[in-house]
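Chemist:
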């Protein structure tokens, strides 16, 4: 018997007991002489239902009936939101952004718990945050592979202007330096490879400094992209006769691009203080601020991935 059959059977059983249409059938049964004690007991229960002596049980059965119907509809009907969540988490970016939100938001939780004097809970959440951060560094050990693919793509389809073309090249080189340095730091910090403390420390700081170079250049990159999008919008209004529907479609595309650039600007603005914090020795940037900026950046990136997996 399938699960649906089991649910259907429970619906029938509940309906028989609470549906007034079954009353004549039950009354006929009660008129018959019980042949066994079990049958007599069943008849006694039926009498209570008919005489209203157990209204609480009737309400309970009716509630079970409604719950069974709701479960049936939930399990048998489409679940587009659940499907979307699965697509989001199944993508490499979505998976990482889920853990990124966890990593940075827990820093805020640590601060709140510590402020309330809940030291034990604060330390447990801090341990979770550190573990997630470590995990995210580990899964970036393969980061150079997609990076190589992106470099090929950038050379085959260069930016629209000479500035964008060279910005892409320099930014890609900064990440090519960033990844192996971070790998050395992580492998050495966990004593997987026998690097000295000096090498581990050097690799950690310089990986963040190359990342900071990328973030700084990204501001210039976004500024150039904004300039190009603004030019496209002006061109739409200044060109000759155009169908109203076509013009609106092009304007909608421009507006969508502007919105996307604004989200990227927000992400980069949040990354900027983080990269400086990790790139400078002895930085006094508070950990709760790291959590706030990191959470905002993570949510904005998750928003982009959520749209892409719709």
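Residue numbers (this note's numbering): 15 to 324. We put the beta carbon where it would ideally sit given N, CA and C, even for glycine. None of these values were measured; they are calculated from a predicted model.
(1) I'd like to know whether the C-beta atoms of residue 113 and residue 167 end up nearer to each other than 8 Å.
(2) Mark residue 211 as exposed unless 16 or more other C-beta atoms lie within 10 angstroms of its C-beta, in which case mark it buried.
(3) With distances taken Cα to Cα, identify the nearest neighbour of residue 139 among 296, 240, 122 and 91.
(4) Would you kindly report the start and end of the unbroken alpha helix (DSSP H) that includes residue 301?
(5) Suppose you measure from the CA of residue 195 to the CA of residue 92; what does that come to, to the nearest Å?
(6) Between which two residues does the alpha helix (DSSP H) carrying residue 102 extend?
(7) Alpha helix (DSSP H) containing residue 257: first to last residue?
(8) What does the alpha-carbon distance come out to for the pair residue 199 and residue 120?
(9) Just to confirm, are residue 118 and residue 289 a CB contact at a threshold of 8 Å?
(10) Can you give the beta carbon distance from residue 247 to residue 227, rounded, assuming they're within the 8 Å contact cut?
(11) Pick out the complete beta strand (DSSP E) segments inside the segment 225 to 249, 3 residues or longer, and give them in chain order.
(12) Quick check on this structure: which residue in 315, 317, 124 and 286 has the alpha carbon closest to the alpha carbon of residue 374?
Modeler: Let's see:
(1) no
(2) exposed
(3) 122
(4) 301 to 322
(5) 47 Å
(6) 94 to 104
(7) From DSSP, residue 257 is part of no alpha helix (DSSP H); its letter is neither H nor E.
(8) 23 Å
(9) no
(10) About 31 Å; that fails the 8 Å criterion.
(11) none
(12) Missing from the structure shown is residue 374; the chain here goes from 15 to 324 and no further.
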